[in-house]
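Numbering (mature numbering (1 follows the signal peptide of the UniProt record, and there is no 0)) for the sequence shown: -24 to -1, 1 to 293. So the structure is just underneath, and the comments pick up after that.
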Amino acid sequence: MKLIRKMGVIGAIAAVCVSSAVWAAPKFINILTGGTSGVYYPLGVALSQIYGNHIEGAKTSVQATKASVENLNLLQAGRGELAFSIGDSVAAAWKGDEEAGFKKPLDKLRLLAAIYPNYIQIVANKDAGIKSLADLKGKRVSVGAPKSGTELNARAIFAAAGLTYDDLGKVEFLPYAESVELIKNRQLDATLQSSGLGMAALRDLAATMPVNFVPIPADVIAKTGNAAFQAGVIPAGTYDGQDTDVPTIAIQNLLVTTSAVSDDVAYQMAKLLFENLENLGNAHAAAKAITLDKATNTPIPIHPGAERYYKEVGLLK
């Protein structure tokens, strides 16, 4: 009888130990961002610090990537818990648009929050004489990393403007920093980038040499037929030497998680995001455009944990 009782006590202790071990299991949060000279990366670093400090047991990391398309494929493969992505890439991923870089529908994707808008920013060495989309003909242009969200945007915009890559003198598929360095070295004439306003690489370029920001007119936006493309403006003074507003395309950015992330962690990630907007704005000015009222604008299902938070604050019923 004593042996039975002893075994019972041992079993109970073992059960408590196992339960404690499960309870204390670390919560890994790998945040997939973009190039280190873009906007996604500094915001990812800021979020990792917020989550690491406020989510019990969280072990956070930040991964620099080629941004939207790569991020979404990594999420689906279980190699991240949170990712930045442009909205039209998310819609393409959910559908499984192979041309956009998704071999099959990415059915594990879930929305954490819609955040700030990206702006299509076409910047050219002033000496190249590029003042309109038509002036890009015969010029050397970088359109972002191959099959990145930026490059997909470039294809759509050029097509709407009656241009193809064949019309350009040379096409480079490079991210922000590399594109800017080649323009500085007179090896490129222009680059098209999709990013938040005041992106570091473009600030650096505008501070280094005279540049033109090329407008994207409303009729070109309409011809894309893409509902994710909205009319936007790069306000005068955003960059050195840019003394007039530049009409362009704005596209909503999203923070995307997966169905594999627990409801509790997703709830905390959404809540902490909106309770720390000032910190995120300090990390990059683009985050100052994040507002709660637009958080649930999404082409994919909202994660149940995030949905719980949005119901708490009255955004969803």
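All C-beta atoms, glycine included, are put in the ideal place defined by N, C-alpha and C.
- With contacts defined by Cβ atoms closer than 8 Å, LEU268 and VAL289 form a contacting pair.
- In this structure, DSSP gives ASN273 a state outside helix and strand, which the three-state scheme calls coil.
- Nearest neighbour of ILE96 by Cα position, chosen from ILE62, LYS113, GLY145, turns out to be ILE62.
- DSSP lists ILE227 as the beta-bridge partner residues of ASN94.
- Sorting ILE5, GLY72, LYS113 by C-alpha distance to the C-alpha of GLN39 places ILE5 at the top.
- Boundaries of the alpha helix (DSSP H) around THR126: 125 to 136.
- Following the DSSP letters along the chain, one finds ALA198 inside the alpha helix (DSSP H) bounded by residues 194 to 200.
- Exclusion of the five residues before and after GLY77 leaves VAL45, LYS123 as the residues of its chain whose Cβ lies within less than 7 Å of its Cβ.
- When Cβ pairs closer than 8 Å are counted between the two stretches, the region 91 to 110 is seen to touch the region 165 to 174, the count reaching three or more.
- When the Cα atoms are used, ALA212 and PRO223 turn out to be separated by approximately 10 Å.
- When only Cα atoms are considered, LEU128 and GLY201 end up about 14 Å apart.
- Per the C-alpha coordinates, the member of ASN29, GLU154, GLU75 positioned closest to GLY11 is GLU154.
- The region 99 to 108 makes contact with the region 171 to 191; the number of CB pairs closer than 8 Å reaches 3 or more.
- Counting along the chain, the unbroken alpha helix (DSSP H) around GLU251 starts and ends at 239 to 251.
- Rounded to whole angstroms, THR9 and LYS107 show a C-alpha spacing of 32 Å.
- Taking C-alpha positions only, VAL66 is separated from LEU85 by approximately 9 Å.
- About 14 Å separates the beta carbons of ALA282 and LEU23, which is beyond the 8 Å limit, so they are not a contact pair.
- Only residues of its own chain outside the window of five on either side were considered, and among them LEU268, ASP269, ALA271, THR272 have a CB closer than 8 Å to the CB of LEU291, listed in chain order.
- Straight-line measurement puts the Cα of ASN188 at about 9 Å from the Cα of GLY217.
- Here DSSP, grouped into helix, strand and coil, assigns GLY281 to helix.
- Pairing SER118 with LEU158 gives a Cβ-Cβ distance under 8 Å.
- Taking all protein chains in view, the Cβ of LYS115 is crowded by 16 or more other Cβ atoms within 10 Å, so the residue is classified as buried.
- Annotation: LYS113 to VAL241 spans about 49 Å, alpha carbon to alpha carbon.
- According to the DSSP assignment, ALA166 belongs to no alpha helix (DSSP H) but to the beta strand (DSSP E) extending over 166 to 171.
- Shown here for ASP219: same chain residues with a beta carbon closer than 8 Å to its own, the five before and five after excluded, namely ALA212, GLY213 in chain order.
- Here THR233 carries a strand assignment [DSSP, helix/strand/coil].
- Take ASN252, set aside five residues on each side of it, and the residues of its chain with a beta-carbon closer than 6 Å to its own are ILE26, in chain order.
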